[in-house]
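**Q** Residue numbers (the working numbering): 395 to 853. Cβ coordinates follow ideal geometry from the N, Cα and C atoms, glycine included.
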């Protein structure tokens, strides 16, 4: 079965498409082919042959090649000391472009002979010479742009001989076939300025599971229908921007596995009220839909008096969350907000509480940590002390976090809660989905990225 072995280029190996017996039979059937000797091995291009039809059909099916594709078949034998220089596959034929290369090893070198991709990301890749192994790569991105990371060479054979049968596949640089092998699940990672640790951790988890890592940049996405995912593919919107949300809706189709309980088209307009209506504890909250002084005074009284927390949507890391200690400050702030068409939330202030972040994946809380408040601030921050990430939350918080996430139609989220130890009461502040989970993984050692992908794979 195909598995992806690099983030870039789109490079795959399959050790099950052809077994050793079939590879040996193919090598025997092609033993009489006259090869042209060169410094880089002896080779010959082959016409269609009955004995190649079966394996060729499987290769093209695994690749997802279109009906109009042209295939060049090349047999190559490398003797000891022979390899192939570093190059990119940039060729055309009959108005079509060589977009993918599939190389089947019929005879493996005893030593050496690796196919090397020195510019692969996140690190160089050397694919060993193994009998029956199919090595498949694309020289272009799904959008039809040349991929410089596909540059490759063949290491010199150090012992024995290496024999390969390579299928060079030519097709137009547009269409569904550019999306990659149909037989491998894609993990679409919607990016729009996502922090590097998030991208790296999920990429590593995807490649560890043999998934087709597919980062999609919202700034360059072309909205082509062929980009839509297939049933069984995995989708995660890691970015919080509006265009990332639109892109996610475009990618999604029925049967795609995501952390949306229904679909990305079912969104909750007012999460706090949704949680409250579900009977879950939240701080008293009202939207500042008016700057009228009498109304504001009445809302302050209903929320328990000053101070209040005023929260604007869209911020991260506490940005847009303010503490207001006087009516004068509140009036001037809401005047400005309403002049900009904004209705920030007015939230009950709850002193003597600890802010917890609980990360929910599926039906369980996989990680949690308390967030300390720095001096001269009321907003908390992720802890710098690694030991803090091993503190278990109060038992009630895990169940509350899972319930909050599910209530908002999600199966993954970073749930912020306040906990008051004196009476063991808790309040849900918000459910962040997506959320930044790298603290828990890199500082606390909890494999959140792996848990996320395992949950998506499990359906």
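Would you kindly work out how many angstroms separate the C-alpha atoms of residue 598 and residue 733, rounded to a whole number?
**A** Residue 598 sits at position 204 when you count from the first residue of the chain shown. Residue 733 sits at position 339 when you count from the first residue of the chain shown. Going by the C-alpha atoms only, they are around 46 Å apart.
**Q** Terminal residues of the continuous beta strand (DSSP E) containing residue 611?
**A** Translated into positions along the chain shown, residue 611 becomes position 217. Taken as a continuous stretch (DSSP letters only), the beta strand (DSSP E) holding residue 611 covers 606-611.
**Q** Rounded to whole angstroms, what's the CA-CA distance from residue 786 to residue 552? Just pull it up for me.
**A** In the chain shown, the residue the question calls residue 786 occupies position 392. In the chain shown, the residue the question calls residue 552 occupies position 158. Distance between the alpha carbons of residue 786 and residue 552: 55 Å.
**Q** Roughly how many angstroms separate the alpha carbons of residue 560 and residue 761, rounded to a whole number?
**A** Indexing the chain shown from 1 puts residue 560 at position 166. Indexing the chain shown from 1 puts residue 761 at position 367. Each residue's Cα considered, the two are about 47 Å apart.
**Q** Between residue 660 and the rest of its own chain, which residues show a CB-CB distance below 8 Å, the 5 nearest in sequence each way excluded?
**A** Your numbering for residue 660 matches position 266 in the chain shown. Closer than 8 Å at Cβ, skipping near neighbours: 654, 803.
**Q** What does the Cβ neighbour count give for residue 568, buried or exposed, with the cut at 16 atoms within 10 Å?
**A** The residue given as residue 568 occupies position 174 in the chain shown. By the 10 Å Cβ count, residue 568 comes out exposed.
**Q** For a test of the three-state rule: what should DSSP assign to residue 646, helix, strand or coil?
**A** Here residue 646 refers to the residue found at position 252 when the chain shown is read from its first residue. Note: residue 646 maps to coil in three-state DSSP.
**Q** Measuring straight from C-alpha to C-alpha, what distance separates residue 436 and residue 426?
**A** On the chain shown, position 42 is the one that residue 436 refers to. On the chain shown, position 32 is the one that residue 426 refers to. Between residue 436 and residue 426, the C-alpha separation is close to 13 Å.
**Q** Just confirm the distance between the C-beta atoms of residue 745 and residue 719, as a whole number of angstroms; I'd bet it's less than 8 Å.
**A** Against the chain shown, residue 745 aligns to sequence position 351. Against the chain shown, residue 719 aligns to sequence position 325. Not really, about 12 Å apart at Cβ, beyond 8 Å.
**Q** Could you tell me the distance, in whole angstroms, from the CA atom of residue 639 to the CA atom of residue 633?
**A** Here residue 639 refers to the residue found at position 245 when the chain shown is read from its first residue. Here residue 633 refers to the residue found at position 239 when the chain shown is read from its first residue. Going by the C-alpha atoms only, they are around 8 Å apart.
**Q** Who are residue 714's beta bridge partners in DSSP?
**A** Taking the chain shown and counting its residues from 1, one reaches residue 714 at position 320. Answer is none; residue 714 lacks a bridge partner.
**Q** What does the alpha-carbon distance come out to for the pair residue 479 and residue 833?
**A** To locate residue 479, count along the chain shown from 1; it is residue 85. To locate residue 833, count along the chain shown from 1; it is residue 439. Whole-angstrom Cα-Cα distance: 43 Å.
**Q** Identify which residue in 605, 636, 629 has its Cα closest to the Cα of residue 612.
**A** If you number the chain shown from 1, residue 612 lands on position 218. Out of 605, 636, 629, 636 has the C-alpha closest to the C-alpha of residue 612.
**Q** Give the DSSP bridge partners of residue 564, in chain order.
**A** As a first step, residue 564 is located in the chain shown; it is residue number 170 there, counting from the start. Per DSSP, 464, 492.
**Q** Measuring CA to CA, which of 526, 799, 626, 558 is closest to residue 666?
**A** One-based indexing of the chain shown puts residue 666 at position 272. Checking every option, the nearest Cα to that of residue 666 belongs to 799.
**Q** Looking only at its own chain, which residues have a Cβ that is under 7 Å from the Cβ of residue 412, when we skip the five neighbours before and after it?
**A** Working through the chain shown from its first residue, we reach residue 412 at position 18. So the qualifying residues of the chain are 449, 498, 526, 528.
**Q** At the level of alpha carbons, what is the spacing between residue 508 and residue 519?
**A** For the purposes of this step, residue 508 is taken as residue 114 along the chain shown, with counting starting at 1. For the purposes of this step, residue 519 is taken as residue 125 along the chain shown, with counting starting at 1. Taking the straight line from one Cα to the other gives about 10 Å.
**Q** Give a yes or no on whether the C-beta atoms belonging to residue 564 and residue 463 are separated by under 8 Å.
**A** Residue 564 sits at position 170 when you count from the first residue of the chain shown. Residue 463 sits at position 69 when you count from the first residue of the chain shown. Yes, Cβ-Cβ distance for residue 564 and residue 463 is below 8 Å.
**Q** In chain order, what residues of the same chain lie with their CB nearer than 6 Å to the CB of residue 767, ignoring the 5 residues before and after it?
**A** In the chain shown, the residue the question calls residue 767 occupies position 373. So the list reads 774, once near-sequence residues are dropped.
**Q** Between 656, 522, 809, which lies nearest to residue 550 when the distance is taken from Cα to Cα?
**A** For this step, residue 550 is matched to residue 156 along the chain shown. The residue with the shortest Cα to Cα distance from residue 550 is 522.
**Q** Using the C-alpha atoms, what's the distance from residue 558 back to residue 793?
**A** For the purposes of this step, residue 793 is taken as the residue at position 399 of the chain shown. For the purposes of this step, residue 558 is taken as the residue at position 164 of the chain shown. Each residue's alpha carbon lies about 56 Å from the other.
**Q** Whole angstroms is fine: what's the gap from residue 623's alpha carbon to residue 641's?
**A** Here residue 623 refers to the residue found at position 229 of the chain shown. Here residue 641 refers to the residue found at position 247 of the chain shown. Spanning the two alpha carbons is a distance of roughly 12 Å.
**Q** Of the residues 771, 570, 723, 580, which one's Cα is nearest the Cα of residue 713?
**A** In the chain shown, counting from the first residue as 1, residue 713 sits at position 319. Residue 713 has its Cα closest to that of 771, out of 771, 570, 723, 580.
**Q** Can you determine whether any heavy atom of the ligand NAD sits closer than 7 Å to the C-beta of residue 526, and answer yes or no?
**A** Of ligands this structure carries none, so the ligand NAD is not represented either.
**Q** Is it buried or exposed, residue 432, if we count other Cβ atoms within 10 angstroms and call 16 or more buried?
**A** On the chain shown, position 38 is the one that residue 432 refers to. When all chains shown are included, residue 432 counts as exposed.
**Q** So, does the region 475-490 touch the region 532-551, judging by three or more C-beta pairs under 8 Å?
**A** The region 475-490 vs the region 532-551: in contact.
**Q** Would you call the CB atoms of residue 515 and residue 402 closer than 8 Å?
**A** Position 121 of the chain shown, counted from the first residue, corresponds to residue 515. Position 8 of the chain shown, counted from the first residue, corresponds to residue 402. Yes, these two residues count as a Cβ contact at 8 Å.
**Q** Three Cβ pairs or more, each shorter than 8 Å: is that satisfied between the region 734-743 and the region 673-692?
**A** The region 734-743 vs the region 673-692: in contact.
**Q** Just to check my reading of the structure: residue 580 and residue 587 have Cβ atoms closer than 8 Å, yes? What is that Cβ distance to the nearest angstrom?
**A** On the chain shown, position 186 is the one that residue 580 refers to. On the chain shown, position 193 is the one that residue 587 refers to. Residue 580 to residue 587, Cβ: 22 Å. No contact.
**Q** Identify whether residue 455 lies in helix, strand or coil by the three-state DSSP scheme.
**A** As a working note, residue 455 is residue 61 in the chain shown. Helix, per DSSP.
**Q** So, helix, strand or coil for residue 790, using DSSP?
**A** To locate residue 790, count along the chain shown from 1; it is residue 396. Here residue 790 sits in helix by DSSP.
**Q** With distances taken Cα to Cα, identify the nearest neighbour of residue 779 among 827, 838, 809.
**A** The residue given as residue 779 occupies position 385 in the chain shown. Here the closest residue by C-alpha is 838.
**Q** My output table needs one value for residue 686: the three-state DSSP class, helix, strand or coil.
**A** Mapped onto the chain shown, residue 686 falls at position 292. Looking at residue 686 - three-state DSSP - the assignment turns out to be coil, as it is neither helix nor strand.
**Q** State buried or exposed for residue 658, treating a residue as buried only when at least 16 other CB atoms are found within 10 Å of its CB.
**A** Position 264 of the chain shown, counting from 1, holds the residue named residue 658. Residue 658 should be labelled buried.
**Q** With a 10 Å radius around its C-beta and 16 neighbouring C-beta atoms as the bar for buried, classify residue 844 as buried or exposed.
**A** Position 450 of the chain shown holds residue 844. Buried: at least 16 other Cβ atoms inside 10 Å.
**Q** First and last residue of the alpha helix (DSSP H) that includes residue 732?
**A** Residue 732 sits at position 338 when you count from the first residue of the chain shown. That run of the alpha helix (DSSP H) goes 721-733.
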